Amino acid sequence: MNTQQLLCFVCAADHLNFTKAAEELYLSAPTVTHHIKNLENELNTLLFIRTSKMVKLTEAGQQFYTDAKDILSRIDIAEKKIQKIAQKDISFFQIGCTSYEETSFFLPVLKEMRKQYPHVYPRLTIQNYYALKNLLQSHQIDLMFATSEMISGISDCFFHKLRHSRTFVLLPKDSPLKNKKSLTFDDLKEETLITLHPKLIPFQNGNQLQEKLALYSQAYFNIVCENIHEASFLARCGYGAAILPDFYLPDHLEDFLVLPMNPEEELPVNYGIVCQKNEKHDFIRWFMKRVSSIIFETRS
Numbered sequence: 002m003n004t005q006q007l008l009c010f011v012c013a014a015d016h017l018n019f020t021k022a023a024e025e026l027y028l029s030a031p032t033v034t035h036h037i038k039n040l041e042n043e044l045n046t047l048l049f050i051r052t053s054k055m056v057k058l059t060e061a062g063q064q065f066y067t068d069a070k071d072i073l074s075r076i077d078i079a080e081k082k083i084q085k086i087a088q089k090d091i092s093f094f095q096i097g098c099t100s101y102e103e104t105s106f107f108l109p110v111l112k113e114m115r116k117q118y119p120h121v122y123p124r125l126t127i128q129n130y131y132a133l134k135n136l137l138q139s140h141q142i143d144l145m146f147a148t149s150e151m152i153s154g155i156s157d158c159f160f161h162k163l164r165h166s167r168t169f170v171l172l173p174k175d176s177p178l179k180n181k182k183s184l185t186f187d188d189l190k191e192e193t194l195i196t197l198h199p200k201l202i203p204f205q206n207g208n209q210l211q212e213k214l215a216l217y218s219q220a221y222f223n224i225v226c227e228n229i230h231e232a233s234f235l236a237r238c239g240y241g242a243a244i245l246p247d248f249y250l251p252d253h254l255e256d257f258l259v260l261p262m263n264p265e266e267e268l269p270v271n272y273g274i275v276c277q278k279n280e281k282h283d284f285i286r287w288f289m290k291r292v293s294s295i296i297f298e299t300r301s
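Residues in the sequence shown are numbered from 2 upward in steps of one, following the numbering used here.
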């Protein structure tokens, strides 16, 4: 099925006359007949009843007419969008994250970018880390936020470090652990641990904290969540202690007791931006530098 077949069908259906359809489309009548016949063969059904005196849509043809017009309309809209993009010299900037919480790092940068690069429009892809890696390697996204461990096996990518990432525990504000400065797994033995599904955790095998979490989950009951919102919600309701990397912490923490994991229980990992090596787009290099500077300013 192609657009020429659909155009011939819709035009013939509008006129109920193959000759008039051919004139409107600047084609010969046999060409219109040929396209419609091929379409009927592909659909394995008759779309028209034709006699020497009249042309009539079959019941299947009447049903298909609406769908065919919708398809052609969508194609026309898509073509016009592409033409506008080409005329305005618009570029799309594809950013990959595993959660909306990570967008807080670059929200102010995108506001600046709107003025600095007015013809660049960001597109946000929220997926798990394994899906994002595949999208990055197939050049379907321009960059992704990740840890250095996650891209250790990708040879054609560059890691731009933003900071050391730490792990925090979210608890209800009235938790008996509120006087602690940091927490160990021994401190949490009486708590149900709320963790994220492995596909959302940006650590590979060999990470010290992840190995301890795996051992803990074998010995104690824990809850595995499919997203950050579920994990923080359960923690706020008192169902356990949510263990989250710092870049997954919710924007509003006033309802939580937030304590870091004891440094002896984890090894900080490098968190940053991953992009293709030898990136040529100025706006991508500018974006990474501005995110770095804003994070540096926040820390200092």
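Backbone N, C-alpha and C define an ideal beta-carbon position, used for all residues, glycine too.
Predicted model, so just to flag it, every value in this text is computed and none were measured.
Bridge partners of S166 according to DSSP: V270.
Selection I155, M151, L125 evaluated against S139 yields I155 as nearest (Cα-Cα). Straight-line spacing of the CA atoms in E227 and D77 works out to 39 Å. In the three-state DSSP reduction, T185 falls in the coil class, being neither helix nor strand.
Beyond the five residues adjoining it in sequence on each side, V275 comes within less than 8 Å, by CB distance, of L137, L144, M145, F146, A147, M151, I152, I155, C158, F159, F160, H161 in the same chain, given in chain order. Following the DSSP letters along the chain, one finds S92 inside the beta strand (DSSP E) bounded by residues 92-98. Cβ neighbours of A69 within its own chain (closer than 7 Å, five residues either side excluded): L7, F10, V11.
When beta bridges are read from the DSSP output, C12 appears opposite no residue. The C-beta of Y27 has fewer than 16 other C-beta atoms within 10 Å across all chains shown, which makes the residue exposed.
Taking one beta carbon from each stretch, the region 217-226 and the region 96-104 have fewer than 3 pairs nearer than 8 Å; the two do not touch. For Y122, the secondary structure class from DSSP, reduced to helix, strand or coil, is strand. With fewer than 16 other CB atoms across the displayed protein chains lying within 10 angstroms of its CB, I50 is exposed. Residue state for N135 is assigned as helix, using DSSP reduced to three classes. Rounded to whole angstroms, the Cβ separation of S149 and N271 is 4 Å, and the two are in contact under 8 Å. When DSSP states are grouped into helix, strand and coil, M55 belongs to the coil group. Listed in chain order, the non-local C-beta contacts of E41 below 7 Å within the same chain comprise L47, L48, local neighbours out to five positions each way being set aside.
For I37, no beta strand (DSSP E) run applies; the uninterrupted alpha helix (DSSP H) run containing it begins and ends at 30-44, by DSSP. The region 213-266 contains, as complete beta strand (DSSP E) runs of 3+ residues, the segments 223-226, 242-246, 257-261 (chain order). Inclusion of D256 and S166 in the CB contact set at 7 Å is not warranted, their separation being larger than that value.
For A23, DSSP records no beta bridge to any residue. Pairing I202 with A243 gives a Cβ-Cβ distance that is not under 7 Å. L44 and A61 have their C-alpha atoms some 10 Å from each other. Judged by beta-carbon spacing, H16 lies beyond the 7 Å limit of A23, meaning their Cβ atoms are not closer than that value. CA-to-CA, the gap between L197 and N135 works out to about 21 Å. With a threshold of 16 other beta carbon atoms within 10 Å, Y122 falls short and is exposed.
Here G241 is near E192, since their CB atoms are less than 7 Å apart. If you check the CB distance, L163 and I37 do not come in under 7 Å. Setting aside the 5 residues that flank it on each side, V110 is surrounded in the same chain by F288, R291, V292, I295, each with a C-beta closer than 7 Å to its C-beta; the list follows chain order. With respect to L250, S176 sits apart: the two C-beta atoms are not nearer than 7 Å. Cβ-Cβ separation between E267 and T168: approximately 5 Å, consistent with a contact (criterion under 8 Å).
DSSP places Q128 outside both helix and strand once states are collapsed to three, so it counts as coil. Going by DSSP, M114 is part of the alpha helix (DSSP H) stretching over 108-117.
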